[in-house]
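**Student:** Before we start, here is the structure in question, set down as structure tokens.
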Amino acid sequence: MRTFCLRAIPSLLLLAILSVLSADIHAQTSLLDRIRERGEIRIGTTGDYKPFTYLNPETGTYEGMDIDAAHLLGEALGVSVRFVPTTWSNLTEDTLNDRFELAMGGITRTLTRQKVLALTDPYVTIGKSALIRKSDRNRFRGLQDMDRPWVRIGVNHGGTNEAFVRANIRQATIVMFENNLDVQPAVAEGDVDVMFTDNVEAVIYARQNPVLYAVSPGEPLTREDIGYMTVRGDQPFINFLNLWLYQMEQKGTLDGLRSKWIGEY
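Once you know that position 168 of the sequence shown is 167 in numbering that gives the first Met the number 0, the rest is easy, because the numbers rise by one and skip nothing.
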């Protein structure tokens with residue numbers, strides 16, 4: 000028995016070493032190579048942020064500027080696209096935990112996100128605006144008019160909408176929502192008075208519902224860049240994404256997507 004164990008130990012050590020080396024090699028292989036080898040890219044998206052990502056309840060499919068862009072990215076990679084649902088609260092964690100290779104859908108480039116993840120070059124510049132009822136447009140002309148004790152501000156958990164509200168609202172009542180899609184109907188129905196969101200989304204909701212009104216979308220309260228998000232440390236994948244975005248811009252493809260989904264505001 001002793002002889003068997005002594006002979007087995009080197010073999011077990013060799014297997015352990017090979018296993019570690021294999022895992023290390025896999026970790027060092029770029030997502031770019033692994034995606035192409037698998038033939039599929041997994042895209043994480045919230046499906047609740049028009050005009051970038053929206054899960055249509057009637058068709059069960061995703062729509063929006065970034066959904067179109069995701070399909071174009073799949074073509075550039077030569078792979079199929081699979082959308083993975085996520086939420087704003089879980090977006091960072093899901094990206095870090097390899098639920099998908101790339102997060103897309105109106106993601107603001109922030110230093111907080113950049114500390115733990117990698118962000119692509121921007122493809123759209125936007126800013127925060129207020130969405131209110133049209134009947135209140137003379138009452139709510141600016142941020143100071145909205146930060147009053149009797150005003151109710153609706154905002155979804157996670158993301159930059161909540162960050163903006165937490166940083167700028169001191170007196171108004173903050174009403175939290177789990178889903179971003181539930182906030183604008185609450186404004187229209189009078190359950191809350193104001194929704195702070197990106198100007199492009201505020202304009203779209205105002206176009207779709209005559210009860211709603213976007214406050215000065217051409218002069219937003221902030222200036223923010225939108226990009227895509229992945230794990231950090233994978234320079235080949237980031238290089239590919241940035242070159243792909245650059246070529247989309249040069250060819251006019253991004254202009255076409257912006258015109259289709261955002262338009263003038």
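For every residue, glycine included, the Cβ atom is placed at its ideal position computed from N, Cα and C.
Let's see if you can read the secondary structure: which residues bound the beta strand (DSSP E) around Pro84?
**Tutor:** Per DSSP, Pro84 belongs to the beta strand (DSSP E) from 79-84.
**Student:** Please state whether the Cβ-Cβ distance between Val214 and Ser88 is less than 8 Å.
**Tutor:** No, these two residues do not count as a Cβ contact at 8 Å.
**Student:** For the alpha helix (DSSP H) that contains Gly255, what are its first and last residues?
**Tutor:** Residues 252-260.
**Student:** Does DSSP put Asp139 in a helix, a strand or coil?
**Tutor:** Correcting the residue type first, residue 139 is Phe in the shown sequence and not Asp. Coil, per DSSP.
**Student:** Does the distance from the C-beta atom of Ala171 to that of Met194 stay below 8 Å?
**Tutor:** No, they are not a contact pair.
**Student:** Would you kindly work out how many angstroms separate the C-alpha atoms of Phe51 and Glu200, rounded to a whole number?
**Tutor:** Approximately 9 Å, taken between the alpha carbons.
**Student:** Along the chain, where does the alpha helix (DSSP H) containing Tyr204 start, and where does it finish?
**Tutor:** Element bounds for Tyr204: 198-207.
**Student:** With 16 as the cutoff for other CB atoms within 10 Å, does Gln183 come out buried or exposed?
**Tutor:** Label assigned to Gln183: buried.
**Student:** Ignoring anything shorter than 4 residues, give me the alpha helix (DSSP H) runs that lie fully in the region 101-182, in order along the chain.
**Tutor:** As far as the region 101-182 is concerned, its whole alpha helix (DSSP H) runs of at least 4 residues are 110-115, 142-145, 158-167.
**Student:** Check this for me: beta carbons of Gly77 and Thr221, under 8 Å apart or not?
**Tutor:** Contact: no.
**Student:** Whole angstroms are fine: how far does the CA of Thr60 sit from the CA of Val80?
**Tutor:** Each residue's alpha carbon lies about 13 Å from the other.
**Student:** Could you pull out every residue in the same chain whose Cβ sits closer than 6 Å to the Cβ of Ala117, ignoring the five residues on either side in sequence?
**Tutor:** Within the same chain, Ala117 has close Cβ partners Thr229, Arg231, Ile237.
**Student:** Pairing CB atoms from the region 236-254 with CB atoms from the region 103-123, are three or more of them under 8 Å?
**Tutor:** Touching, yes.
**Student:** Count the other C-beta atoms from every protein chain shown that fall within 10 angstroms of the C-beta of Asn178, then say buried if there are 16 or more, exposed otherwise.
**Tutor:** It counts as exposed.
**Student:** Verify whether the separation of the beta carbon atoms of Thr86 and Thr45 is less than 8 Å.
**Tutor:** Going by C-beta atoms, Thr86 is nearer than 8 Å to Thr45.
**Student:** Which word fits Asp47, buried or exposed, when buried means at least 16 other C-beta atoms lie within 10 angstroms of its C-beta?
**Tutor:** By the neighbour-count rule (16 or more Cβ atoms within 10 Å), Asp47 is buried.
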